[in-house]
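> Residue numbers (this note's numbering), protein chains in the order written: chain A, 1 to 548; chain B, 549 to 818.
(1) If we count the other Cβ atoms within 10 Å of its Cβ and call it buried at 16 or more, is residue 615 of chain B buried or exposed?
(2) Using a C-beta to C-beta distance shorter than 8 Å, which residues of chain A count as neighbours of residue 563 of chain B?
(3) Just curious, the beta strand (DSSP E) that residue 193 of chain A is in, first and last residue?
(4) Identify every residue that forms a DSSP beta bridge with residue 257 of chain A.
(5) Give me the chain A residues within the contact set of residue 760 of chain B, using Cβ-Cβ distance strictly less than 7 Å, ordered along the chain.
(6) Please list, in chain order, the residues of the segment 413 to 440 of chain A that have any C-beta partner in chain B closer than 9 Å.
(7) If you measure from the beta carbon of residue 153 of chain A to each beta carbon in chain B, is any gap under 8 Å?
(8) Closer than 8 Å is the cut-off here; do at least three beta carbon pairs connect the segment 326 to 334 of chain A with the segment 250 to 262 of chain A?
(9) Using a beta-carbon distance cut-off of less than 8 Å, what residues from the segment 630 to 641 of chain B approach chain A?
(10) Reducing DSSP to helix, strand and coil, say where residue 534 of chain A ends up.
(11) Would you tell me roughly how many angstroms separate the C-alpha atoms of residue 44 of chain A and residue 564 of chain B, rounded to the nearest one?
(12) Run down chain B in chain order and give the residues with a C-beta less than 7 Å from the C-beta of residue 41 of chain A.
(13) Which same chain residues, not among the five before or five after residue 496 of chain A, have their C-beta less than 6 Å away from its C-beta?
(14) Determine the chain B residues that contact residue 192 of chain A at a beta-carbon separation under 8 Å, and present them in chain order.
(15) With a cut-off of 8 Å, does the C-beta of residue 693 of chain B fall near any C-beta of chain A?
(16) So with Cβ pairs under 8 Å, would you call residue 784 of chain B a contact of chain A?
(17) Can you list the alpha helix (DSSP H) stretches of 4 or more residues lying completely in the segment 402 to 448 of chain A, in chain order?
(18) So residue 812 of chain B contacts chain A; which residues on that side make the cut at Cβ distance below 7 Å?
(19) Mind checking if residue 297 of chain A is an interface residue toward chain B, Cβ cutoff 8 Å exclusive?
(20) Among residues of its own chain, excluding the 5 on either side of residue 98 of chain A, which ones have a beta-carbon nearer than 8 Å to its beta-carbon?
(21) Using a Cβ-Cβ distance under 8 Å, would residue 610 of chain B count as near chain A?
(22) Between the Cα of residue 452 of chain A and the Cα atoms of A/182, A/192, A/316, A/541, which residue gives the shortest distance?
(23) Checking 8 Å against the spacing of the C-beta atoms, do residue 459 of chain A and residue 228 of chain A come in under that value?
(24) With 8 Å set as the bound, which would you pick, yes or no: does the beta-carbon of residue 68 of chain A sit closer than that to a beta-carbon of chain B?
(25) For the segment 159 to 192 of chain A, which residues have a beta carbon sitting closer than 9 Å to at least one beta carbon of chain B?
(26) Over the uninterrupted beta strand (DSSP E) stretch that includes residue 807 of chain B, give me the two end residues.
(27) For the alpha helix (DSSP H) that contains residue 299 of chain A, what are its first and last residues?
(28) Please name the residue, chosen from B/573, B/601, B/554, that lies closest to residue 59 of chain A on a Cα-to-Cα basis.
(29) Figure out for me which residue from A/78, A/155, A/167 has the closest Cα to the Cα of residue 49 of chain A.
(30) Could you give the residue range of the alpha helix (DSSP H) that holds residue 29 of chain A?
(31) What three-state label does DSSP hand residue 801 of chain B in the structure shown?
(32) Counting along the chain, where does the beta strand (DSSP E) carrying residue 53 of chain A start and finish?
(33) Select from A/286, A/279, A/6, A/397 the residue whose C-alpha is nearest the C-alpha of residue 511 of chain A.
(34) Give the residues from the segment 790 to 803 of chain B that approach chain A closer than 9 Å (Cβ to any Cβ), ordered along the chain.
(35) List the residues of chain B that residue 231 of chain A touches, going by C-beta distances under 7 Å, in chain order.
(36) Quick one: does residue 56 of chain A have its CB under 8 Å from some CB of chain B?
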């Protein structure tokens, strides 16, 4: 009962902030005035804040910024031993540095390393955590550019990437993180530059209590749907998640931006009800997933959970089973990938849910920005399917969905499944699946989970598998890179194509896209597309394990 | 000199990244490191340190050989390094059907069974659990059928050690060591009570390997031993447990737990 109340209060809190926080985001992004600090940044960066960019220029700006970020972070990781606060750790090996640099720039935050034994404090805060901010901002910027495409009337331009990046960071992410960090510090998270303290335990043994700027990194880790933990065990670590209420707060934070962005969408296209329709689709899928995950874990099927009496292996006492399961669902429904319990030890079907959440394309509500643009692409596909059924030219928000738009939307949808399934197959073909810890169907699940997580830029794992080998680091790095930037380029191309169109007036044949019928159709199309794509893979892994 | 478009974009990107790194990567965290030095926050920002560790970080109350020290409440099993090592945090990551021991490692099921039996012995209670043998390993058979998955049973092996039941489906159970290809792995429920005496958190590793808490049920189970070892009344131990039990936050978040280090430190204080 307490577990369901935990979920219900999260829903209530998200409903309560939808309008005010969404409106705040809208004003932050679409205002015409620059703050003094922002003008200073534009001068330092050397860009003209008033210059509008075509989709091509916008995309090239995103790619240039991300490429430079990967290069910078890679070099930073490679020379950390020569810088301050390295805590005596050596330079990060080439393949792990590549994997980690790509992972943090793509908002995946997959961790092939163990934080407390690999990363010094400087590289954590000035390398990894900076990408936590800006990769989240990039996602939101791309989503906003797509919405501008829907809202535009015959223009060639989509806004200015540098302005979007700066405003989202300075007006939204940083002020929120300042507040959250303070709350987290009061809750007991550490925030220091200490290399750790050796203490003598009660029985006379020595224990090394670690330090670090954890609270400040934790704030953006959740708010930016990043998920890269300061420590190996992420949000299960008492320094990253000390109490049951910080657990609630972390779940709220990782959901709040993705669930509020549909409000921005509604405001920008001038019809709030369109935003409500999109957020309704997200909510239906999310609530169903959370309920199933919590239900499966409370039921506790499987030999070991039955022997134990509950599915508590890999879960902390202070969180308990239902709250841990809620975290697992929320972190994979978004692109966060932080964990407060270890999915590998979940019941077979409870552990399948996080995989399914990611396979949905992380659109319910998805990552910061990536969730909104992912769901809008699915809405475009739905409009097209509906158009086929009644034999009319499909249109969405007054924009015709023609051949070019459908090609871009279809390609967008195909990118991730291709990467996930090809990657999984490649691991088995090359024998690299043998680094899995578990055997049988569960071993396959570990491999499938790894590529699903990388392809969808999630970052959580069935963590038993060993992935810090050169093959895994290289393969997953490529999958993360392509899984992030191919969809972004396609989305921006779609935005450019929509922006050029003159809106067509609504007619009798127009499918209303703000009514329950459409909401149900988008949810249905999403589930059907995913089921058709991934059911065979799931049947070999978690389904085989759960039903045997 | 005017740079070509593609190059000027990368220059802008580099400048933007450097500016944001100074702001978000240095100014923001370091300001909070400074705030963490303020009185009232410094204890928490420094790791909630007390005389014998950190109240947030669990520790083992065992001797150098890993045996429980009877006068202390025991923590949960830990998968962090050799146990409660903050420099090697980890969960076990073993799955729900990890039931067959191999030469390299014990299965999760056998680990659970062995812990349950050891705790039962330490506390003087019944340590039996479903799917566990009386010998404290996973009760798992490998059943061979004539036609692979179907047909009459031809051979039955107990994969985790000595045969724990005489026959299965009329076929004599052989003792074995590990799985051999061709059979169907079949865990045997046995007749242990559905709600074992030893609580679930006592036989499983947590998520962090640093879990500072145990369930109130596990603390209750240990209370008689603590009272006996220390020559104090069981009632006073119960009172201490109640004092250090933290309920659900706001009545519905998380689960009740007892901080083991705080409890043991209070016991030592007397």
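Note that CB positions come from ideal geometry on N, CA and C, so glycine has one too.
According to the data block:
(1) exposed
(2) 44, 45, 46
(3) It is not in any beta strand (DSSP E) - residue 193 of chain A carries neither H nor E in the DSSP assignment.
(4) Partner(s): none; residue 257 of chain A has no beta bridge.
(5) 238
(6) 437, 438, 439, 440
(7) no
(8) yes
(9) 632, 633, 634, 635, 636, 637, 638, 639, 640, 641
(10) helix
(11) 8 Å
(12) 567
(13) 55
(14) 581, 584, 593, 594, 595
(15) no
(16) no
(17) 403 to 429
(18) 202
(19) no
(20) 74, 473, 474, 477
(21) yes
(22) A/541
(23) yes
(24) yes
(25) 162, 165, 166, 169, 170, 173, 174, 177, 178, 181, 182, 185, 186, 187, 188, 189, 190, 191, 192
(26) 805 to 807
(27) 272 to 299
(28) B/554
(29) A/167
(30) 2 to 30
(31) strand
(32) Residue 53 of chain A -> no beta strand (DSSP E), and no H or E assigned at all.
(33) A/397
(34) 794, 796, 797, 798, 799, 800, 801, 802, 803
(35) 637
(36) no
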